[in-house]
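Okay, structure first, notes after.
2 protein chains.
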Amino acid sequence: MTYELYYWDGIPGRGEFVRLALEQAGADYVDVVREEGGMARMMAVLKGRANGFVPFAPPFLKDGDLLVSHVANILQHLGGKLSLAPKDEAGRLEANGLQLSITDFVAEIHDVHHPIGVSLYYEDQKDEALRRAEDFRDERLPKFLGYFERQLRKNGKGEIHAVGDALIYVDLSLFHVVEGLRYAFPRAMATAEPDYPMMVALHAQVKALPRIEAYLSSGRRLAFNEGGIFRYYPELDRA
Amino acid sequence: MTYELYYWDGIPGRGEFVRLALEQAGADYVDVVREEGGMARMMAVLKGRANGFVPFAPPFLKDGDLLVSHVANILQHLGGKLSLAPKDEAGRLEANGLQLSITDFVAEIHDVHHPIGVSLYYEDQKDEALRRAEDFRDERLPKFLGYFERQLRKNGKGEIHAVGDALIYVDLSLFHVVEGLRYAFPRAMATAEPDYPMMVALHAQVKALPRIEAYLSSGRRLAFNEGGIFRYYPELDRA
Chain C
4 MTYELYYWDG IPGRGEFVRL ALEQAGADYV DVVREEGGMA RMMAVLKGRA NGFVPFAPPF
64 LKDGDLLVSH VANILQHLGG KLSLAPKDEA GRLEANGLQL SITDFVAEIH DVHHPIGVSL
124 YYEDQKDEAL RRAEDFRDER LPKFLGYFER QLRKNGKGEI HAVGDALIYV DLSLFHVVEG
184 LRYAFPRAMA TAEPDYPMMV ALHAQVKALP RIEAYLSSGR RLAFNEGGIF RYYPELDRA
Chain V
4 MTYELYYWDG IPGRGEFVRL ALEQAGADYV DVVREEGGMA RMMAVLKGRA NGFVPFAPPF
64 LKDGDLLVSH VANILQHLGG KLSLAPKDEA GRLEANGLQL SITDFVAEIH DVHHPIGVSL
124 YYEDQKDEAL RRAEDFRDER LPKFLGYFER QLRKNGKGEI HAVGDALIYV DLSLFHVVEG
184 LRYAFPRAMA TAEPDYPMMV ALHAQVKALP RIEAYLSSGR RLAFNEGGIF RYYPELDRA
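Chains C and V, in that order, give the protein sequences. Going by our numbering, the first sequence opens with residue 4, and the numbers climb by one from there. Going by our numbering, the second sequence opens with residue 4, and the numbers climb by one from there.
Written out as structure tokens, the structure is:
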């Protein structure tokens, strides 16, 4: 069974959290929009011209007849099938809770450069973005990173994992959050990282996984850029 | 087994989405923080002084030894146990996807009055809020309401439901979204509602459920106010 991932081409975006799980599992998947005719196929689903459920936005995943929308929903679904989720109910609920905190964090990271509206260009909300970026660096970044750091410390013995004693999809997502923050806020992260040694170590541990290493150096990995969630606007970073 | 809901007292907030499911199911639950000593019990969990998983923020639910965080995770968990979720896998995935779109909508509704940061007062970000409110009313409100309207129309025959042919937790959450929007944006909603007849009808249908009717007129129901997600600031509504 080939999984079909539907997401915009050209940016890692929210699709990247799903790609990392599929890649680490060695799953058979296609990144539909990067294939010929793929954009038209995605738009047909989003416009309700295909049969079945209509998602609010990409990413969504087709798994045979099932259509799964939203990153946390997709990862929860794939987690069980690809052995990237805790096996016990308590662990699965914790993993989904953590992934939903990552979801909130990612939305806030996005809104640093779009505090007024997604329908406006960054340049048209730059004054507001400068103010929001200051609040983000001073308040939200330490709040979220500190939360995940404490969870890793509480859970981890030896190998670092968010829940339980094996690699799960939440670990992969936390890796990508660190990747993205380093791209978007290099100076703020350089200052902050000593306070989050478990996050830094988890990032290194995931990056060294053979399948992730192979993926990161492949053409399937898209580079960060100023069309995505994690954008590098020097004026929004720490001075 | 008594469910324990942990959420701030004094506002309906995100806890209300969980309350509505517990109330409609006639479940045995306590609203912990509204009991004597409850605030200290919630803070002990949030500060990591209790055993077990530490949630990022309220609401969270204790179900025996299980601790479930985030509204969509709680509702997915309760949905199966309280017969408020679709019985088939495709339906459960769709319901969770819809609830996650509601989650995003609720976050955007909140950020209309807090576009710069939750650590600042509304009065300290009012200029930015005025601008964001315009974008919200013109772009985001119709985008989200239109999406849910199309889903109800596509799914519904006779009784209105988000997925399948029985009442599910998503229906209850959509009811509360309409309730809250009518409180926060009365003029914008009065203008918009004729475009969303299924949403209006679903709201009326849920409101007339005997257990919901009894709950809404009970002391357990907290009134909307300017400490919550849905706040009435006349200047943010349509002129």
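A virtual CB, placed ideally from N, CA and C, is assigned to each residue, including glycine.
Contact with chain V is found for C:His73, since one of that chain's Cβ atoms lies less than 7 Å from the residue's Cβ. Here V:Tyr199 is not bridged, per DSSP, to any residue.
When DSSP states are grouped into helix, strand and coil, V:Glu162 belongs to the strand group. Measuring C-alpha to C-alpha distances from V:Asp114 to each of V:Leu205, V:Met201, V:Gln128, V:Val166 identifies V:Gln128 as the nearest. With respect to V:Leu148, V:Met201 sits apart: the two C-beta atoms are not nearer than 7 Å. Within the same chain, Leu184, Arg185 come within 6 Å of V:Met192 by CB-CB distance, once the 5 residues on both sides are set aside. DSSP places V:Tyr150 in the helix class (H, G or I) of the three-state scheme. Interface residue (Cβ-Cβ distance to chain C less than 7 Å): V:Ala195 is not classified as such. Excluding its 5 nearest sequence neighbours in each direction, C:His179 has C-beta neighbours in its own chain below 7 Å: Glu19, Phe20, Leu23, listed in chain order.
For C:Ala24, there are no C-beta contacts with chain V under 7 Å, since the nearest C-beta of that chain is about 16 Å from it. About 6 Å separates the beta carbon of V:Ile171 from that of V:Ala88, a gap short enough to meet the 8 Å contact definition. Straight-line measurement puts the Cα of C:Asn228 at about 20 Å from the Cα of C:Ala60. At least one C-beta of chain C is nearer than 7 Å to the C-beta of V:Glu142. Look at the region 130 to 141 of chain C: the residues with a C-beta under 9 Å from a C-beta of chain V are Asp130, Glu131, Arg134, Arg135, Glu137, Asp138, Phe139, Asp141. If you check the CB distance, C:Glu238 and V:Glu131 do not come in under 7 Å.
The contact set of V:Ile163 on chain C, defined by CB atoms closer than 9 Å, is empty, because the minimum CB distance reaches about 17 Å. Look at C:Tyr125 here: in three-state DSSP terms it is helix. Of the residues assessed, V:Asn99 falls on the buried side of the cut-off, its CB having 16 or more other CB atoms within 10 angstroms.
Check the Cα spacing between V:Gln27 and each of V:Arg224, V:Lys157, V:Leu70, V:Pro62: the tightest is with V:Arg224. Listed in chain order, the non-local C-beta contacts of V:Leu70 below 8 Å within the same chain comprise Val48, Gly55, Phe56, Pro58, Phe63, Leu64, local neighbours out to five positions each way being set aside. Under the three-pair Cβ rule at 8 Å, the region 132 to 146 of chain C does not count as touching the region 67 to 81 of chain C. Within its own chain, the residues whose Cβ lies closer than 8 Å to the Cβ of C:Leu212, once the five positions on either side in sequence are excluded, are Gln27, Leu170, listed in chain order. In this structure, the alpha-carbon of V:Gly82 lies about 42 Å from that of C:Ser220. Note on geometry: alpha-carbon atoms of C:Phe108 and V:Leu103 lie some 15 Å from one another. Sequence-distant partners of C:Thr5 (beyond 5 residues in either direction) whose C-beta falls short of 8 Å from its own C-beta, in its chain, are Asp31, Tyr32, Val33.
Measuring C-alpha to C-alpha distances from C:Leu85 to each of C:Ala204, C:Tyr235, C:Leu25, C:Glu162 identifies C:Leu25 as the nearest. C:Glu92 reaches chain V at Leu69, counting residues in chain order whose Cβ is nearer than 8 Å. Around the beta carbon of C:Met45, 16 or more other beta carbons lie within 10 angstroms, which makes this residue buried. Secondary structure of V:Leu103 (DSSP, three-state): helix. In terms of Cβ geometry, V:Gly94 and V:Val166 form a close pair [threshold 7 Å].
Per DSSP, reduced to three states, the secondary structure at V:Ser72 is strand.
Taking every protein chain shown into account, the CB of C:Glu126 has fewer than 16 other CB atoms within 10 angstroms, so this residue is exposed.
Beta-bridge annotation (DSSP): V:Leu78 is not paired with any residue. As a beta-bridge residue in DSSP terms, V:Leu8 pairs with V:Asp34, V:Leu64. Here V:Pro89 carries a coil assignment [DSSP, helix/strand/coil]. Here V:His206 is not near V:Val173, since their CB atoms are 7 Å or more apart.
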